[in-house]
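Enquirer: Handing you this structure, nothing more for now.
2 protein chains.
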Amino acid sequence: MPEELQMKFKDDTKGKTIVLKLGGSVITNKKKLMVPKLKVINRLAKEIADANIEQLIVVHGGGGFGHPWAKQYKIKEGYKYPSQVEWFTRIHQAMLELNKLVVDALIRNNIAAFSVSPSSCIITKAGRIQVFYDSAIVRLLEIGFVPVLFGDAVVDNELGFTILSGDQLVTALSAKFNASRVIFGVDVDGLFTADPKTSKRAQLIRNITLPELKALIQSIEQAKATDVTGGMFGKIFELMVAIDVPIKTIIVNATKEGNIYKALREERVIGTVIEKE
Amino acid sequence: MPEELQMKFKDDTKGKTIVLKLGGSVITNKKKLMVPKLKVINRLAKEIADANIEQLIVVHGGGGFGHPWAKQYKIKEGYKYPSQVEWFTRIHQAMLELNKLVVDALIRNNIAAFSVSPSSCIITKAGRIQVFYDSAIVRLLEIGFVPVLFGDAVVDNELGFTILSGDQLVTALSAKFNASRVIFGVDVDGLFTADPKTSKRAQLIRNITLPELKALIQSIEQAKATDVTGGMFGKIFELMVAIDVPIKTIIVNATKEGNIYKALREERVIGTVIEKE
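Line by line, the protein sequences give chains A and B. If you read the first sequence in this note's numbering, its first letter stands for residue 1, the second for the next number, and so on. If you read the second sequence in this note's numbering, its first letter stands for residue 1001, the second for the next number, and so on.
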């Protein structure tokens, strides 16, 4: 019974919130169906607890809990044939299972985490967030909770349904809450000049501005098809969507111990820092 | 892979929806912590599938997944002391676990069930629903899904947090969607002139009007303290709140095989029918 959990009634949730994304490939085995990385999840929960952030929103991806079915049944493209229907709802069920592991780990580490289902409060139109009812998240932050959201199977006003990526969610939340910082925890060290998994000449980009990012995007556009939610391309695309919201963003390798803690504490850490200009 | 699941784009969700409540004491062992009645859940899912209702919303209670902690930590009364915080979020987690069992059973029976978290789209004020973002539910109904909600731990604009009963949720949904019928599946045969569990003289009320119900409520008000969400008293209270919405309501015993099927099909069934006048 951790008495440490506090209920802090706050007067303002704007401008103070850090949005932390935990990549699906960090917390799950992305190549297998529904295999969570429990040790990693628990380590990350401990790093988040140790960082002791006053106002935090956590978003996680799906990895092996969402991507394989989303890809196989083309859920992102919307309703096309009857058998998709079952998999649309099964993806949400699977994401809730993964979310439960993340939230339970946070609670065990004395964080007042609270699960929020994106599909219960968001509707997209042609895959982009059209309506986002955030009052419950605002109230959760006000009373001292850490809302935990996830990439989800959501209803869509044009397509019937689709997949909402955790990355799009991060960008929307960052803009809505005028986040002070956004941290993307991924399974590589940051943005590279080429794909570090296939090219030896790939160099880590330590700092980049959004205009520079725009130029870079063309050189890596071919990576677009490798991931139902866009992978690193998707992340960069979402960052560009957020171009008008000058939020300091850092991409770090969350598979390496201590990086999420350091990023949350604004300590020196290997990664890519993206700033407006 | 049931190809039977259909995606039916609909033009209107109003006036056609049946709202079905499955009581917590029907689908769980209310006296034990987190013990679901899996056979009952599966039987009910089959009855719902067999009834083949075009537009349906399912709401379930918490029973042993919500009540014991809600009662022990006084969550319904709102924030009073720090250790409540952990249990507020743990109740939501437990309710998600029970909800998963219900939704999975419905999916297995070829129903396009989709889980909706009340705490992600509802805020209460002093325990009563103040904001209810229902667009995702509307869209789910439009495209042919069966939204499945549950009594939940929710944020409250006055109390910090509280418990939203499945019964209050049923009344709110019935009014919002101008439901054609409301069915309460409970663990007794309906409303009685006295408590059938303790009094031999208790007689089942087969038909009752809301004005008559108002009179009855005073005679059973002493039962108020026996259930954190109000038990049968709570149900009657919610029905009275809905007094201006003339929705035909039936209370049936869902522990008895076939009753939910019959109630959904509007067949003759033992129970209490409540009408406006």
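Where a beta carbon is used, it is the ideal one built from N, C-alpha and C, also for glycine.
1) List the residues of chain B that residue 92 of chain A touches, going by C-beta distances under 7 Å, in chain order.
2) Relative to the alpha-carbon of residue 1062 of chain B, which residue among B/1048, B/1092, B/1047 and B/1055 has its alpha-carbon at the smallest distance?
3) Put residue 1036 of chain B into one of helix, strand or coil per three-state DSSP.
4) Considering only DSSP beta bridges, list what residue 1147 of chain B is partnered with.
5) Please confirm if residue 1119 of chain B has its CB atom under 8 Å from at least one CB of chain A.
6) Pair every Cβ in the segment 95 to 103 of chain A with every Cβ in the segment 145 to 152 of chain A, then say whether three or more of these pairs are closer than 8 Å.
7) How should residue 84 of chain A be labelled, buried or exposed, when 16 other C-beta atoms within 10 angstroms of its C-beta is the threshold for buried?
8) Any beta-carbon of chain B closer than 8 Å to the one on residue 61 of chain A?
9) Taking the runs of the beta strand (DSSP E) that are 3 residues or longer, which of them lie wholly in the segment 122 to 195 of chain A?
10) CB residue 45 of chain A to CB residue 109 of chain A, shorter than 8 Å?
11) Cβ of residue 1166 of chain B within 8 Å of Cβ of residue 1252 of chain B?
12) Would you mind stating whether residue 120 of chain A and residue 1120 of chain B have Cβ atoms separated by less than 8 Å?
13) Using 10 angstroms around the beta-carbon of residue 1086 of chain B, count the other beta-carbons present and answer buried if the total reaches 16, otherwise exposed.
14) Quick one: which chain A residues come within Cβ less than 8 Å of residue 1157 of chain B?
15) Of all the options B/1068, B/1057, B/1270 and B/1195, which has the alpha carbon lying nearest to the alpha carbon of residue 1028 of chain B?
16) Note down, in chain order, each residue of its chain lying with its Cβ closer than 8 Å to the Cβ of residue 1187 of chain B, except the 5 sequence neighbours on either side.
17) Buried or exposed for residue 1229 of chain B, please, with buried defined as at least 16 other CB atoms from any protein chain shown within 10 angstroms of its CB.
18) Output yes if chain A places a C-beta closer than 8 Å to the C-beta of residue 1100 of chain B; else output no.
19) Using a Cβ cut-off of 8 Å, which residues of the segment 1016 to 1041 of chain B contact any Cβ in chain A, in chain order?
20) On the criterion of 16 or more Cβ atoms from any shown chain inside 10 Å, does residue 1015 of chain B qualify as buried, or is it exposed?
21) Per DSSP, what kind of secondary structure is residue 53 of chain A in: helix, strand or coil?
22) Assign residue 1226 of chain B to buried or exposed, taking buried as 16 or more other Cβ atoms, counted over all protein chains shown, within 10 Å of its Cβ.
23) Buried or exposed for residue 54 of chain A, going by 16 or more other Cβ atoms inside 10 Å?
24) Going by beta carbon distance, what residues of the same chain come within less than 8 Å of residue 114 of chain A, once the five residues before and after it are set aside?
25) Identify the contact partners of residue 96 of chain A in chain B, using a Cβ-Cβ distance below 8 Å as the criterion.
26) For a contact defined as C-beta to C-beta under 8 Å, what are the partners of residue 152 of chain A on chain B?
27) Does the Cβ-Cβ distance between residue 17 of chain A and residue 180 of chain A come in under 8 Å?
28) Are residue 1162 of chain B and residue 1078 of chain B close, meaning C-beta to C-beta below 8 Å?
29) Mark residue 1038 of chain B as exposed unless 16 or more other C-beta atoms lie within 10 angstroms of its C-beta, in which case mark it buried.
30) Hey, would you say residue 1272 of chain B sits closer than 8 Å to residue 1201 of chain B, going by beta carbons?
31) For a test of the three-state rule: what should DSSP assign to residue 41 of chain A, helix, strand or coil?
32) Tell whether a beta-carbon distance below 8 Å holds between residue 274 of chain A and residue 204 of chain A.
33) Residues in its own chain within less than 6 Å of residue 1270 of chain B by CB, not counting five upstream and five downstream?
34) Taking all protein chains shown into account, decide if residue 52 of chain A is buried (16 or more other Cβ within 10 angstroms of its Cβ) or exposed.
35) Specify the secondary structure class of residue 1029 of chain B as computed by DSSP and reduced to three states.
36) What I want to know is whether the C-beta of residue 1101 of chain B ends up closer than 7 Å to one or more non-hydrogen atoms of the ligand FAD.
Expert: A quick look at the data gives this:
1) 1114 and 1115
2) B/1092
3) strand
4) B/1114
5) yes
6) yes
7) buried
8) no
9) 122 to 125, 128 to 132, 146 to 150, 152 to 156, 160 to 164 and 181 to 186
10) yes
11) no
12) yes
13) buried
14) 139
15) B/1068
16) 1023, 1025, 1026, 1253, 1254 and 1255
17) Reliability of the predicted coordinates at residue 1229 of chain B is poor, the pLDDT of 38 falling under 50, and the value obtained from them is presented with this limitation in mind. It is buried - the Cβ of residue 1229 of chain B has at least 16 other Cβ atoms within 10 Å.
18) yes
19) none
20) exposed
21) coil
22) Any reading at residue 1226 of chain B is ruled out, since the residue's pLDDT is 46, under 50, leaving its predicted position unreliable.
23) exposed
24) 103, 140, 145, 146, 147 and 148
25) 1096, 1100 and 1115
26) Chain B residues near residue 152 of chain A: none, gap ~10 Å exceeds 8 Å.
27) yes
28) yes
29) exposed
30) no
31) helix
32) no
33) 1189
34) exposed
35) coil
36) In terms of ligand content, the structure shown is empty, and the ligand FAD therefore cannot be addressed.
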